[in-house]
Amino acid sequence: TADGEKHWADAVILATPAFVTSDLVSPFAPELSQALAGIRYVSTATVTLAYRQPEVGNPLQGVGMIVPRRENRRISACTMTSTKFSPRAPEGHVLLRCFVGGPGREEQVERSDEEIIADARAELAALMGIRAEPVLARVYRFIKGNAQYDVGHLDRVAQMHAMSGETPGLYLTGSAFEGIGLPDCIHQGQQAAERVISFLNNPRGTLPRQATG
Ligand SMILES: Cc1cc2nc3c(=O)[nH]c(=O)nc-3n(C[C@H](O)[C@H](O)[C@H](O)COP(=O)(O)OP(=O)(O)OC[C@H]3O[C@@H](n4cnc5c(N)ncnc54)[C@H](O)[C@@H]3O)c2cc1C
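In this note's numbering, each residue carries its 1-based index in the sequence shown increased by 665.
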């Protein structure tokens with residue numbers, strides 16, 4: 666652990682981002698480490714904006730929008746958060762969440778909060794006619810938060826799972842592999858847990874509790 670404590674385990678599921686998992690396995694699985702390091706991640710930021718509902722001037726029908734890249738806008742999407750999840754804003758208010766950054770636009774995330782908020786507000790004015798003064802504006806950055814699947818990803822993932830199989834009891838999961846959406850991540854986590862149970866039920870496959878060297 667970070668405190669230097671040691672815990673012995675028969676099996677371990679690594680659910681960390683691929684670049685972290687890469688560092689963790691590098692001492693005993695260098696090939697796997699190298700493959701994991703090849704999974705690209707990009708940074709995004711979200712801008713959460715709250716408005717007084719009567720001032721918004723847009724019925725906010727729907728749960729959000731995605732802005733096509735060719736539109737060349739400074740936001741890539743906007744979630745109508747309080748329409749999607751009504752308890753997210755108190756009575757008489759609405760909450761929006763704009764996305765900035767992402768593939769090819771990561772430098773946007775490095776701008777100041779003030780600049781990012783100004784960009785998001787300018788785009789909401791242009792795209793949705795929202796010119797009101799927000800009662801709340803917050804920027805959240807997700808540095809290297811999104812795994813990117815390049816062509817050939819699934820083949821490489823299959824190889825990585827095969828490589829992890831060379832270390833008995835080691836299992837990998839998370840958005841780096843077979844789906845970035847939350848339901849995909851949950852499903853992959855469940856599959857990893859099932860594989861561990863199956864591994865633990867096979868006594869010959871179980872590692873000794875004490876390290877041997
Ligand atoms: C801004 C944003 C909005 C999104 N919106 C949606 C959405 O609306 N719907 C949807 O389905 N998906 C959405 N996603 C995608 C989804 O949230 C992610 O793909 C998913 O949460 C990734 O889950 P994960 O478990 O793989 O990784 P994470 O949730 O990132 O978990 C990785 C874990 O590893 C830990 N960790 C990191 N480094 C170390 C270390 N050195 N040692 C120990 N632990 C470490 C972290 O603390 C974290 O707990 C969104 C993603 C982002 C960034």
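In this text, a Cβ means the ideal position worked out from N, Cα and C, and glycines have one as well.
According to DSSP, which residues form a beta bridge with phenylalanine 764?
In the sequence shown, residue 764 corresponds to position 99, counting from 1. Answer by DSSP bridge pairing, in chain order: Thr711 and Ala742.
Can you give the beta carbon distance from valine 759 to tyrosine 716, rounded, assuming they're within the 8 angstroms contact cut?
Position 94 of the sequence shown, counting from 1, holds the residue named residue 759. Position 51 of the sequence shown, counting from 1, holds the residue named residue 716. At roughly 5 angstroms, the Cβ-Cβ gap stays under 8 angstroms, so valine 759 and tyrosine 716 are in contact.
Assess contact between the region 729-742 and the region 858-869, defined as three or more Cβ pairs (one per stretch) separated by less than 8 angstroms. Is contact present?
no
CB of glycine 703 to nearest heavy atom of ligand 1: below 7 angstroms?
The sequence position of residue 703 within the sequence shown is 38, counting from 1. Answer for glycine 703: no, Cβ out of range of ligand 1.
Can you tell me the Cα-Cα spacing of glycine 757 and valine 800, whole angstroms?
Stepping through the sequence shown from its first residue, residue 757 is reached at position 92. Stepping through the sequence shown from its first residue, residue 800 is reached at position 135. If I take the Cα positions, the gap works out to 12 angstroms.
In its own chain, which residues sit with a C-beta less than 8 angstroms from the C-beta of threonine 711, not counting the 5 before and 5 after it?
Walking along the sequence shown from the start, residue 711 turns up at place 46. The residues are Arg762, Cys763, Phe764, Val765, Val804, Tyr805 and Phe807.
With distances taken Cα to Cα, identify the nearest neighbour of valine 822 among Val721, Ala702 and Cys743.
The residue labelled residue 822 in the question sits at position 157 within the sequence shown. Selected option, being the one with the closest Cα: Ala702.
If we call anything under 8 angstroms between Cβ atoms a contact, is isoleucine 740 one with glutamate 788?
Residue mapping note: residue 740 aligns to position 75 of the sequence shown, counting from 1. Residue mapping note: residue 788 aligns to position 123 of the sequence shown, counting from 1. Cβ atoms of isoleucine 740 and glutamate 788: closer than 8 angstroms.
Bridge-paired residues (DSSP) for leucine 837
If you number the sequence shown from 1, residue 837 lands on position 172. Answer is Leu679, bridged to leucine 837.
Residues bridged to glycine 729 (per DSSP):
Numbered from 1 along the sequence shown, position 64 holds the residue referred to as residue 729. Answer is Thr744.
Segment limits, alpha helix (DSSP H) that includes phenylalanine 842
To locate residue 842, count along the sequence shown from 1; it is residue 177. Per DSSP, phenylalanine 842 belongs to no alpha helix (DSSP H) and is neither H nor E.
Residue range of the alpha helix (DSSP H) that includes phenylalanine 864:
Locating residue 864 in the sequence shown gives position 199, counting from the first residue. Per DSSP, phenylalanine 864 belongs to the alpha helix (DSSP H) from 847-865.
Which of helix, strand or coil DSSP assigns to isoleucine 808:
For the purposes of this step, residue 808 is identified with residue 143 of the sequence shown, where counting begins at 1. Note: isoleucine 808 maps to strand in three-state DSSP.
Can you name, in chain order, every residue of its own chain whose Cβ lies under 6 angstroms from the Cβ of threonine 746, other than the five neighbours on each side?
For the purposes of this step, residue 746 is taken as residue 81 along the sequence shown, with counting starting at 1. Once the five neighbours on either side are set aside, the close Cβ partners of threonine 746 are Arg753, Leu760 and Arg762.
How would the residue list near ligand 1 read, in chain order, if you kept each one whose beta-carbon is closer than 6 angstroms to any heavy atom?
Ala680, Thr681, Pro682, Val685, Thr709, Thr711, Phe807, Gly810, Asn811, Gly839, Ser840, Ile845, Gly846, Leu847 and Cys850
Rounded to the nearest angstrom, how far is the Cβ of alanine 857 from that of isoleucine 678, given a contact under 8 angstroms?
Counted from its first residue, the sequence shown places residue 857 at position 192. Counted from its first residue, the sequence shown places residue 678 at position 13. 5 angstroms between Cβ atoms; contact.
Identified DSSP bridge partners for alanine 802
In the sequence shown, counting from the first residue as 1, residue 802 sits at position 137. Answer is Leu714.
If you draw a straight line from the alpha carbon of alanine 876 to that of leucine 689, how long is it in whole angstroms?
By 1-based counting over the sequence shown, the position of residue 876 is 211. By 1-based counting over the sequence shown, the position of residue 689 is 24. The predicted position of alanine 876 is uncertain, since its pLDDT is 38 and thus under 50; no value can be drawn from it.
Beta-carbon proximity check, threonine 838 vs alanine 694, cutoff 8 angstroms:
One-based indexing of the sequence shown puts residue 838 at position 173. One-based indexing of the sequence shown puts residue 694 at position 29. No, the pair does not count as a contact, with Cβ atoms beyond the cut-off.
To the nearest angstrom, how far is the alpha carbon of proline 692 from that of aspartate 675?
Mapped onto the sequence shown, residue 692 falls at position 27. Mapped onto the sequence shown, residue 675 falls at position 10. Taking the straight line joining both Cα atoms gives about 18 angstroms.
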